[in-house]
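Chemist: Below is a structure I'd like to ask you about.
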């Protein structure tokens, strides 16, 4: 529960009551009078009052912030746009704890040409006094690594660990040589002068990019005229490699010369933004920013844009986003004002721009995976599932339920748990349906969910097992299952997102059922694969339990037909021997070892499976 002092809360509400219904900026402060959050509002009274209503229903980040609020100030402005500008200025001034913090993951990087008779081109984080030539520094390690990889491929430079010229002619050339990714320096056929010329061309390529093509063409033609065809062929190969790389860049990125592409991914306790920076139609940089605890995604995007694009040199004419941005038109106006020309904030729905957003999200998830125990794939899947279902944050703790019937006698349910996109088998639970007659899946699901939530009420102080509430409940079924179970959830006063997993005629995942109909997830590959895995796992778990219980029930019916063997002894025998065959093969003394068995009972069981042979008269 909220730990905010009742007197402080009362004082804050009284102050809120006096706020005007005008645009402005509000400044939250803690007990030390330190600014912990700055926000802007279209109507100050409505916005600020929302923090102190239904406090327990806030997102975790907002919840923590409100707990620490002791007082607040506010500044009234003439327009919402002025409020946005003022908010940016105050955040920059105070660097409040609960506003997003733009912490990047970078140090400086260099392109290094090693000090060797036959130099290598590599990336390095340090500038050492080792006689090597360093190009840089660069803010982006991503760009440096990409450039080094590209240069080595274009000029077929060696990337192996061999030492030259000491290892000339020793051993066969590696796979890179046969794949035409390396000139085969190890064969000793390239002179030091020729290699120096290639390194000079590579340095020129690093500095000037594709401008090298004209020079290489001229040299190729000169060699051809001199009948130096082998040398001309090497120039030709370099030209083709440069053209191939250039064409690849043009195909993907030529439609917009200058733009930034932003993706945002959040977990329970962290969030990150990945930014792909395109200039001149090429990807020139990638930047990752750790944003701390997540807030609502549309607000997080708004706050990031407002804080990051503070100077004209950072602002491109197009900012492409992965989702809705709060105050999008206001932000576009603010950036346009700062740049001095029109800036568009775009949310693509199809085509190449969607592919770029997906690339940003993939990098985003990968970066966040380093801060958690999740893989980038799992983070991306959970994030995509959250967006598909309209959830503010990805569900880290998911419970799924399935009913399994074997006739009208064996009715069970299975509950599986996925935490951070992975099965948490220690949390799986089995249920035997106790109150439902016949094969009524709806009533059975009602019973199971009711029992699970009742256990939550009993154990919620522990925060473990049934005492932990899931972020998302998935039912193996459609709209009917949701309609049956939702009243149970409402009766407990709990707000947990709940959806059905709908199968097609071939028993494969087809869609997600919601209270508003079905949501197709086939187009969302990562979310689709995750839901399919959950549905398959809960079905496997419940049907396995159902079959086991059915076998046990059949065994008990066989054993309970033996005089002196009731359900308790039958169950004990089953637990001890596991199969009917093992029980039938057991000697009397082995049967006596089973808890609850007596000599007469053991004799009866043994006699049942080993009837005495009839003696002829």
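Residue numbers (the working numbering): 85 to 701.
Beta carbons are placed, not taken as given, at the ideal position from N, Cα and C, and that holds for glycine.
Bear in mind the structure is a predicted one, so any value in this text is a computation, not a measurement.
Which whole-angstrom value is the C-beta distance of residue 602 and residue 586, which I expect to be below 8 Å?
Modeler: Residue numbering aside, residue 602 sits at position 518 when the chain shown is read from its first letter. Residue numbering aside, residue 586 sits at position 502 when the chain shown is read from its first letter. That belief holds up - the Cβ atoms of residue 602 and residue 586 are roughly 6 Å apart, short of 8 Å.
Chemist: So, helix, strand or coil for residue 258, using DSSP?
Modeler: Position 174 of the chain shown holds residue 258. Coil, per DSSP.
Chemist: In chain order, what residues of the same chain have a beta carbon less than 7 Å from the beta carbon of residue 648, not counting five sequence neighbours either side?
Modeler: Residue 648 sits at position 564 when you count from the first residue of the chain shown. Excluding residues within five positions, the ones whose Cβ falls inside 7 Å are 684, 685, 688.
Chemist: Spatial neighbours of residue 216 within its chain, please: C-beta separation below 7 Å, excluding the five flanking residues on both sides.
Modeler: As a working mapping, residue 216 is identified with position 132 in the chain shown. Excluding sequence neighbours, residue 216 sits near 196, 197, 198, 199.
Chemist: Compute the Euclidean distance between the alpha carbons of residue 525 and residue 538, then round it to the nearest angstrom.
Modeler: The residue given as residue 525 occupies position 441 in the chain shown. The residue given as residue 538 occupies position 454 in the chain shown. Cα to Cα, the separation comes out at about 20 Å.
Chemist: Hey, residue 660 and residue 677: beta-carbon distance below 9 Å or not?
Modeler: Stepping through the chain shown from its first residue, residue 660 is reached at position 576. Stepping through the chain shown from its first residue, residue 677 is reached at position 593. In this structure, residue 677 lies closer than 9 Å to residue 660 by Cβ.
Chemist: Reducing DSSP to helix, strand and coil, say where residue 489 ends up.
Modeler: Here residue 489 refers to the residue found at position 405 when the chain shown is read from its first residue. Strand at residue 489.
Chemist: Just reading off the beta strand (DSSP E) that residue 573 is part of, what are its end residues?
Modeler: As a position in the chain shown, residue 573 is number 489, starting the count at 1. It is not in any beta strand (DSSP E) - residue 573 instead sits in the alpha helix (DSSP H) that spans 563-575.
Chemist: Please classify residue 380: does DSSP put it in a helix, a strand, or coil?
Modeler: For this step, residue 380 is matched to residue 296 along the chain shown. If DSSP states are grouped into helix, strand and coil, residue 380 belongs with coil.
Chemist: Between which residues of its own chain and residue 470 is the CB-CB distance below 6 Å, once the five residues before and five after are set aside?
Modeler: Taking the chain shown and counting its residues from 1, the one referred to as residue 470 is at position 386. Closer than 6 Å at Cβ, skipping near neighbours: 478.
Chemist: By the 10 Å Cβ neighbour count, where 16 or more other Cβ atoms means buried, how is residue 679 classified, buried or exposed?
Modeler: In the chain shown, the residue the question calls residue 679 occupies position 595. Exposed.
Chemist: Pick out whichever of 599, 122, 140, 517 has its Cα sitting closest to the Cα of residue 180.
Modeler: Translated into positions along the chain shown, residue 180 becomes position 96. The option with the nearest alpha carbon to residue 180 is 122.
Chemist: Is the beta carbon of residue 406 less than 9 Å from the beta carbon of residue 444?
Modeler: For the purposes of this step, residue 406 is identified with residue 322 of the chain shown, where counting begins at 1. For the purposes of this step, residue 444 is identified with residue 360 of the chain shown, where counting begins at 1. Contact: yes.
Chemist: Quick check: is the beta carbon of residue 604 nearer than 9 Å to any beta carbon in chain B?
Modeler: Checking the listed chains, one finds no chain B in this structure; it contains a single protein chain.
Chemist: Just the C-alpha distance for residue 519 and residue 654, rounded to the nearest angstrom, thanks.
Modeler: The sequence position of residue 519 within the chain shown is 435, counting from 1. The sequence position of residue 654 within the chain shown is 570, counting from 1. Each residue's Cα considered, the two are about 24 Å apart.
Chemist: Start and end of the alpha helix (DSSP H) containing residue 534?
Modeler: In the chain shown, residue 534 corresponds to position 450, counting from 1. Where residue 534 is concerned, the enclosing alpha helix (DSSP H) stretches over 525-543.
Chemist: Going by DSSP, what residues sit across from residue 557 in a beta bridge?
Modeler: For this step, residue 557 is matched to residue 473 along the chain shown. Residue 557 pairs with 483, 582.
Chemist: Taking just the CA atoms, how far does residue 373 sit from residue 151?
Modeler: The residue given as residue 151 occupies position 67 in the chain shown. The residue given as residue 373 occupies position 289 in the chain shown. Rounded to the nearest angstrom, the two C-alpha atoms are 26 Å apart.
Chemist: Going by CA-CA distance only, name the one from 646, 361, 417, 513 that's closest to residue 626.
Modeler: To locate residue 626, count along the chain shown from 1; it is residue 542. Answer by Cα proximity: 513.
Chemist: If you compare alpha carbons, which of 422, 534, 354 is closest to residue 517?
Modeler: Indexing the chain shown from 1 puts residue 517 at position 433. With distances taken between CA atoms, residue 517 lies nearest to 534 out of 422, 534, 354.
Chemist: Could you check the C-alpha separation between residue 242 and residue 212 for me, to the nearest Å?
Modeler: For the purposes of this step, residue 242 is taken as residue 158 along the chain shown, with counting starting at 1. For the purposes of this step, residue 212 is taken as residue 128 along the chain shown, with counting starting at 1. Going from the Cα of residue 242 to the Cα of residue 212 covers about 22 Å.
Chemist: In whole angstroms, what is the alpha-carbon distance linking residue 329 and residue 231?
Modeler: As a first step, residue 329 is located in the chain shown; it is residue number 245 there, counting from the start. As a first step, residue 231 is located in the chain shown; it is residue number 147 there, counting from the start. Interpretation of residue 329 is limited by its pLDDT of 48, a score under 50 that renders its predicted location unreliable; no figure is taken from the coordinates.
Chemist: Using DSSP with H/G/I as helix, E/B as strand and the rest coil, what is residue 496?
Modeler: For the purposes of this step, residue 496 is taken as the residue at position 412 of the chain shown. Residue 496: strand per DSSP, three-state reduction.
Chemist: For the candidate residues 504, 378, 401, whose alpha-carbon lies nearest to that of residue 428?
Modeler: By one-based count along the chain shown, residue 428 stands at place 344. Comparing Cα-Cα distances from residue 428 to each of 504, 378, 401, the minimum goes to 401.
Chemist: Have a look at residue 115 and residue 597 and give me their C-alpha separation to the nearest angstrom.
Modeler: Here residue 115 refers to the residue found at position 31 when the chain shown is read from its first residue. Here residue 597 refers to the residue found at position 513 when the chain shown is read from its first residue. Going from the Cα of residue 115 to the Cα of residue 597 covers about 47 Å.
Chemist: Apart from the five residues just before and just after residue 476, which ones in its own chain have a Cβ nearer than 6 Å to its Cβ?
Modeler: Along the chain shown, one-based indexing puts residue 476 at 392. If we look at residue 476 and ignore the five residues flanking it on each side, its Cβ neighbours are 380.
Chemist: Count the C-beta pairs between the stretch 385-399 and the stretch 418-436 that are closer than 8 Å, then say yes if the count reaches three, no if not.
Modeler: yes
Chemist: With 16 other CB atoms within 10 Å as the buried threshold, where does residue 103 fall?
Modeler: Reading the chain shown from its first residue, position 19 is the one you call residue 103. Looking at its Cβ environment, which holds 16 or more other Cβ atoms inside 10 Å, residue 103 is buried.
Chemist: Could you name the residues of the same chain whose beta carbon sits closer than 6 Å to that of residue 448, not counting the 5 residues immediately before and after it, in chain order?
Modeler: Indexing the chain shown from 1 puts residue 448 at position 364. Spatial neighbours of residue 448 in its own chain (CB-CB distance under 6 Å, excluding positions within 5 residues in sequence) are listed in chain order as 347, 349, 356, 358.
Chemist: Just to check my reading of the structure: residue 543 and residue 576 have Cβ atoms closer than 8 Å, yes? What is that Cβ distance to the nearest angstrom?
Modeler: Here residue 543 refers to the residue found at position 459 when the chain shown is read from its first residue. Here residue 576 refers to the residue found at position 492 when the chain shown is read from its first residue. The Cβ separation is near 14 Å, so there is no contact.
Chemist: Going by DSSP, what residues sit across from residue 217 in a beta bridge?
Modeler: Here residue 217 refers to the residue found at position 133 of the chain shown. Paired residues: 197.
Chemist: Within the same chain, show all residues whose beta-carbon is closer than 8 Å to that of residue 136, passing over the 5 residues directly before and after it, in chain order.
Modeler: Taking the first residue of the chain shown as 1, we reach residue 136 at position 52. So the qualifying residues of the chain are 93, 96, 97, 100, 150.
Chemist: Over the uninterrupted alpha helix (DSSP H) stretch that includes residue 162, give me the two end residues.
Modeler: Position 78 of the chain shown, counting from 1, holds the residue named residue 162. Careful: residue 162 lies outside any alpha helix (DSSP H) and carries neither H nor E.
Chemist: On a Cα-Cα basis, can you pick out the residue from 658, 690, 682 that is closest to residue 669?
Modeler: By one-based count along the chain shown, residue 669 stands at place 585. It is 690.
Chemist: Residue 557: which of 510, 236, 500, 611 sits nearest, CA to CA?
Modeler: Counting from 1 along the chain shown, the entry for residue 557 is found at position 473. Cα-wise, what sits closest to residue 557 is 500.
Chemist: Identify whether residue 550 lies in helix, strand or coil by the three-state DSSP scheme.
Modeler: In the chain shown, the residue the question calls residue 550 occupies position 466. DSSP places residue 550 in helix when its eight states are reduced to three.
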